[in-house]
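Report on one structure; see the data block that follows.
In this note's numbering, the protein residues as written are 71 to 412.
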């Protein structure tokens with residue numbers, strides 16, 4: 071099968087669906103004057119987060135000529151994947167949760183997660199977040215991930231535990247597919263310690279990118295074409311489809327339409343987004359900035375909790391941590407390179 075026609079991720083999400091997981095990417099449009107999102111779900115078998123968002127905007131009349139491209143200079147190579155092979159054989163250790171409300175038994179029906187919460191910052195707060203990150207030499211991703219982690223820690227049995235996250239990496243610009251909305255996402259694994267600063271998280275993310283871990287995981291997906299559907303279902307069910315266990319996925323779709331050129335009624339307003347959750351990755355956290363308003367959203371797998379009060383508490387704490395940090399960050403200035411700014 072030609073490289074541009076083969077989607078190395080699609081078959082893994084098909085395997086997840088076949089064992090009863092819901093793999094719809096959640097998008098919500100909050101129209102001007104509305105308080106609740108209108109939900110849309112696009113299968114991860116067909117889109118990644120950026121592609122799915124672009125698809126919805128185009129359906130609503132938006133003209134998007136070029137989707138966001140990868141900025142990191144690391145070249146595509148099988149080398150990082152070969153170096154990572156010993157890691158694939160290591161045992162996976164899961165963190166233990168404290169008492170959460172609304173725990174449920176496994177469901178036979180594949181439906182969207184019930185426990186979900188979100189927040190949309192205004193333009194002023196979004197501008198302050200951008201300025202604080204740029205002036206202090208780290209990315210918005212690093213800033214948000216550090217505070218997300220801090221907001222969830224109190225719900226673990228061991229609050230000082232290292233918290234591992236899957237952070238998607240957009241490969242558009244270095245990978246060719248048959249359409250620009252297909253799956254172009256690889257990822258790096260980021261382990262956040264309780265004592266680490268935003269600068270520490272930032273340095274870790276870019277050290278992993280510098281080692282090509284996103285290419286290691288991309289080519290690991292590529293090698294999956296050698297496995298049968300039954301083996302893939304088993305690997306997804308047992309959490310062996312990833313090189314280690316992750317608490318959840320943290321995904322930021324980036325900055326869209328800052329000049330507010332998309333004036334279609336079905337595009338205007340605010341947008342929220344969240345990646346799917348799996349039994350082996352029970353928390354999904356998503357961010358997107360649309361027309362200069364940053365949104366945050368968290369959802370949980372039903373086997374963790376179906377009580378929206380849990381992600382609501384996390385989002386409220388996440389927002390509070392962000393707002394508390396802004397004033398001190400804006401007082402110091404260390405510029406971040408332009409290619410790191412997303």
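C-beta atoms are modelled at their ideal positions from N, C-alpha and C, and glycine is treated no differently.
Can you name, in chain order, every residue of its own chain whose Cβ lies under 6 Å from the Cβ of residue i, other than the five neighbours on each side?
i, result
"residue 90", "180"
"residue 350", "309"
"residue 101", "339"
"residue 336", "130"
"residue 287", "256 and 257"
"residue 298", "none"
What's the C-alpha gap between residue i and residue j?
i, j, result
"residue 109", "residue 338", "15 Å"
"residue 310", "residue 341", "33 Å"
"residue 167", "residue 389", "22 Å"
"residue 378", "residue 194", "28 Å"
"residue 361", "residue 142", "24 Å"
"residue 273", "residue 359", "23 Å"
"residue 144", "residue 258", "13 Å"
"residue 151", "residue 105", "45 Å"
"residue 190", "residue 107", "11 Å"
"residue 13", "residue 103", "This structure gives no information on residue 13, because the portion of the chain shown stretches from 71 to 412."
"residue 159", "residue 312", "11 Å"
"residue 81", "residue 260", "25 Å"
"residue 149", "residue 284", "11 Å"
"residue 156", "residue 293", "15 Å"
"residue 327", "residue 276", "26 Å"
"residue 394", "residue 370", "25 Å"
"residue 300", "residue 113", "20 Å"
"residue 123", "residue 225", "31 Å"
"residue 162", "residue 320", "19 Å"
"residue 132", "residue 227", "46 Å"
"residue 296", "residue 115", "18 Å"
"residue 355", "residue 398", "25 Å"
"residue 244", "residue 77", "14 Å"
Whose CA, out of the options, lies closest to the CA of residue i?
i, options, result
"residue 83", "144, 207 and 346", "346"
"residue 183", "396, 96, 305 and 398", "96"
"residue 267", "308, 215 and 244", "215"
"residue 290", "307, 104 and 153", "153"
"residue 118", "251, 222, 126 and 374", "251"
"residue 330", "295, 134 and 80", "134"
"residue 192", "366, 398, 391 and 395", "366"
"residue 318", "298, 394 and 344", "344"
"residue 170", "394, 397, 395 and 374", "374"
"residue 387", "397, 400 and 368", "368"
"residue 207", "155, 238, 269 and 227", "269"
"residue 334", "99, 115 and 228", "99"
"residue 263", "295, 296, 280 and 229", "229"
"residue 325", "298, 398 and 357", "357"
"residue 278", "115, 355 and 238", "238"
Can you name, in chain order, every residue of its own chain whose Cβ lies under 7 Å from the Cβ of residue i, other than the five neighbours on each side?
i, result
"residue 303", "85, 88 and 89"
"residue 411", "With a pLDDT of 44 at residue 411, under the threshold of 50, the modelled position of this residue cannot be trusted; read the value that follows with caution. Answer for residue 411: 204 and 209, listed in chain order."
"residue 240", "120, 138, 140, 254 and 255"
"residue 164", "315"
"residue 42", "The structure shown does not extend to residue 42, since the chain is modelled only from 71 through 412, so no value can be given for it."
"residue 280", "144"
"residue 348", "86, 91 and 371"
Going by beta-carbon coordinates alone, are residue i and residue j separated by less than 9 Å?
i, j, result
"residue 201", "residue 137", "no"
"residue 332", "residue 127", "yes"
"residue 236", "residue 222", "no"
"residue 392", "residue 217", "yes"
"residue 212", "residue 306", "no"
"residue 364", "residue 196", "yes"
"residue 185", "residue 380", "yes"
"residue 353", "residue 188", "no"
Can you list, in chain order, the residues of its chain with a C-beta nearer than 8 Å to that of residue i? Leave out the 5 residues immediately preceding and following it.
i, result
"residue 111", "94, 95, 96, 97 and 182"
"residue 198", "396 and 400"
"residue 125", "112, 117 and 251"
"residue 265", "none"
Heavy atom of the ligand ZN less than 8 Å from the Cβ of residue i, yes or no?
i, result
"residue 323", "Only the bare structure without any ligand can be found here, which leaves the ligand ZN out of the picture."
Taking 9 Å as the CB-CB limit, is residue i close to chain B?
i, result
"residue 107", "Checking the listed chains, one finds no chain B in this structure; it contains a single protein chain."
Problem set entry | Every unbroken alpha helix (DSSP H) within the region 93-148, with a cutoff of 4 residues, ordered by chain | Contiguous alpha helix (DSSP H) elements confined to the region 93-148 occur at 119-129, taking only those with 4 or more residues.
Problem set entry | Within the region 185-222, ranges of the alpha helix (DSSP H) (whole runs, at least 4 residues) | Those alpha helix (DSSP H) runs which fall completely within the region 185-222 and span 4+ residues are 193-206 and 210-222.
Problem set entry | Segments assigned beta strand (DSSP E), at least 3 residues, entirely inside the region 221-260 | Within the region 221-260, complete beta strand (DSSP E) segments of at least 3 residues are found at 233-240, given in chain order.
For this session: May I have a chain-ordered list of the beta strand (DSSP E) segments no shorter than 3 residues that lie completely inside the region 311-340?
Result: 318-326
Problem set entry | Ranges of the alpha helix (DSSP H) found wholly within the region 253-307, counting only runs of at least 4 | 268-280, 283-293 and 299-307
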